[in-house]
Structure formats: C-alpha cells, structure tokens
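Mapping of the sequence shown onto my numbering: residues 1 to 339, in sequence order.
The block underneath contains the structure these notes are about, expressed in structure tokens.
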Amino acid sequence: MSSARTTKDQFFLILKGLFMGAANKVPGVSGGIVAFVGGFYEEFIYSLQKINLKAFKLLVSGRVRSFLQYINGRFLALLIFGMLISYFSISKVLDYFLAQKELYVWSAFFGMILGSIYYIAKDFSHWNKKTIGIGFIGLLIGISISFLSPAKENDNLLFIFICGMISVSGMTLPGLSGSFILILLGNYVLLLVDSVNALYDTFSEIIIGDLSFVKNPKRINTLKILAVFTTGSATGLVTLSHLLSYVLKNYKNNTTVLIIGFITGSLGVVWPWKKTIYKTSSSGNILLDSNDKKIISNYERYFPNFEISETWWAILFIAVGIFILLGIDWYGKKRREAI
C-alpha cells in the first residue's frame, strides 16, 4: 500500500492525480480511464470503500493515525492533491487550448480513449456469448449517452447536490464522463468553470488581504453552490465506491467487458470533427444563461476533409494520444518487472 511507496512513486501518484483532474474537466473524457490505465483503479475504489462507519469511529475517537492507515490515507491524499492542483492549473491550460485549438485537443483525447480501449481489452481472454452480449449493451449505452441533448442551467441547491453525486461517476466508472453528464444536466459551466474560477479568485484575494468578496452576493452564492456540489461529489464518490467494490469482487469479467463496450460507445462524445450547436430563440438569437454564457444545444458531427492540412495535424494528435497510452502501458510493464 502507500506506506511502501518510494518518493518517486508518490511523485508519480500526484502526477496521476493531475491527469485524473484534467480528464474529469474535459467533456467526454473519464478520470476513471486514467485510474484504470494507470494501474491504480482497484486500489482507488477499495480505498474509498474503506471510508465507512468503522473509519468514522476511528476518527471521532481521536485515533487519527489508525484512521489514515485504515482508509489508505496517504494514497488518497496524494491523488486528491494532484487533482486539486490540476483544477487550478492544467484545467485552465486545457480551457485555453479548447478555445484556441479545439480540434487538436479533442483529437488527442480521442486517441487516448482509443489507446485505453486497447489497454483494457488486450489482456481480456474471457470472451463468450454472455460477455459479448454484455459488451454490446455497454456499447449501446455509450452511444445513447453520446447523442443526448443538454438541459438548461439550474442552480437549485438540491439539484446541485444531485449533480455532484452523479458527475463524480466519471472518477469511479471508466468511460463515463462526469463533465459530459454535467453538460447534459445543463450545469457544466456553472460547476466546473464559474465555481472553480470563483474559488480561485477568492483564494487570490485572501492571500493579498482583500476580503471585499464577502460583500459580493453573486460570489458568495457561487461559493455556496461549489460547497454543495463538492459535498454531493464526496457523497457520491464514497457510495459509488462501495457498489463498485462489490461488483469488481463478484463480477470482474462482466464489469470489464461492460466498460470496454461503454468506452467504445462513448467515442462519439469526443469525435474531434464536430461543430457546437447553441440554443436559439424563435428569432434566431443565441440564448445565454444567467452568466451570459452561450447555452449548448448539442454537437453536429461531420467527416474530416483530407484535403486540408488541419485534418492531418488532427490525425497526428490522435496518434500522439494513442502513444501516450502505450507509453503508460510500457511504464506499467517495466514497473511490474522491477518488482
């Protein structure tokens, strides 16, 4: 477990948290895929499963060291630390490149997901009529989710809590993108852009001694929304981990093939060649939400034009994404051989 990890291992665990956080921020990409491919998915789920009544009793009784050891605290802390850094650094870089070079970003993630399908499927040897059927069901679910239309933004706190519980599924279930679910629920911009930016601005102001934000009702409301969303996410993370740990123990082969099918079906979400369609009024004007952001209606996918250089650059980035996953696979093999 984490106590036996070297400094190098701990550094790479933070790095994996960075990638998990970045993946969770991008619609169509699942942080669970990073955990799965990075070789720490089962430890992540089982560590979360340890956050239970026994852990709570250890904590309230003051046995903090026993509590941390019981829940694999160092592992979770390093991973979550990496995710938090990502939300205020890598995710902002991704936001920039999604705005400036959207096609290439989607291409790289498309390649990474193709690579993850290969990674998960290459060692799976339990193909039969039952597993093929389960994989086909996962494929259909993934395709169905890819073509759902987004809802309107809703800042009701109970709904925000539910959003948190549902969206965190991307961290526990590879292939299911929590951020894409937030787009479907209409709250992606509110919860993963506006709220995170509000928290960043608040911390920046506190550091320089500026407390004027306490008199800003819009900022306070956004921070309250983020707090409720975080609480919902933590609740969903723990409850889903208990369910998934049971499923992984008792139905590992069926779960794996379902994930393979689901990830394959969800490729449509990150298809690089697509145009964003915004909701419009009856007069043809683009509708804006309460924060003056364009409301996404859906995506119009199209086939690439191979006569322009942009298409070939995108294909190159797909290859880069695939090789990133192959590189992670190679690193994992080297580590297993060294043990």
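The beta carbon of each residue, even a glycine, is placed where N, CA and C say it ideally should be.
All values reported here derive from a predicted model rather than from experimental measurement.
| query | result |
| --- | --- |
| Does the beta-carbon distance from V257 to G135 come in below 8 Å? | yes |
| Roughly how far, in whole angstroms, is the beta-carbon of G138 from the beta-carbon of I45, given that I think they are within contact range, below 8 Å? | Actually they are not in contact, since the Cβ atoms of G138 and I45 sit about 18 Å apart, beyond 8 Å. |
| What do you get for P272, buried or exposed, if any count of 16 or more other CB atoms within 10 angstroms of its CB means buried? | buried |
| Are the beta-carbon atoms belonging to A108 and V269 less than 8 Å from one another? | no |
| In the DSSP assignment, find the alpha helix (DSSP H) that holds I117 and state where it starts and stops. | E102 to A121 |
| What's the C-alpha gap between I208 and D201? | 11 Å |
| Output the residue ranges of the alpha helix (DSSP H) runs that lie fully inside the stretch 146 to 187 and measure 4 residues or longer, sorted by chain position. | 157 to 167, 169 to 172 and 178 to 185 |
| What would DSSP say about I277, mapped onto helix, strand or coil? | strand |
| With H, G and I counted as helix, E and B as strand and the rest as coil, what does DSSP make of E300? | strand |
| Would you say the stretch 154 to 173 touches the stretch 228 to 236, given that touching needs at least three Cβ pairs under 8 Å? | yes |
| Within the same chain, show all residues whose beta-carbon is closer than 7 Å to that of V34, passing over the 5 residues directly before and after it, in chain order. | K16, F19, M20 and A23 |
| Consult DSSP for V37 and reduce its assignment to one of helix, strand or coil. | helix |
| Hey, quick one: how far does the alpha helix (DSSP H) through I225 stretch, first residue to last? | P217 to N250 |
| Quick one: Cα of L59 to Cα of S66, how far? | 8 Å |
| Considering Cα atoms alone, identify which of L240, T222 and Y299 is closest to V193. | T222 |
| Report all residues from its chain with a CB closer than 7 Å to the CB of S47; omit the five preceding and five following residues, and keep chain order. | I71, N72, F75 and L76 |
| Reducing DSSP to helix, strand and coil, say where M20 ends up. | helix |
| So, is L13 buried or exposed, given that buried needs 16 or more other C-beta atoms within 10 angstroms? | buried |
| Within the same chain, show all residues whose beta-carbon is closer than 6 Å to that of M1, passing over the 5 residues directly before and after it, in chain order. | Here M1 scores only 47 on pLDDT, less than 50, and its place in the model should not be relied on; the value that follows carries that caveat. The answer, listed in chain order, is N72. |
| Answer yes or no: do Y299 and I277 have a C-beta to C-beta separation smaller than 8 Å? | yes |
| Suppose you measure from the CA of I324 to the CA of G115; what does that come to, to the nearest Å? | 8 Å |
| Can you grab the Cα-Cα spacing for the pair L182 / K101, in whole Å? | 22 Å |
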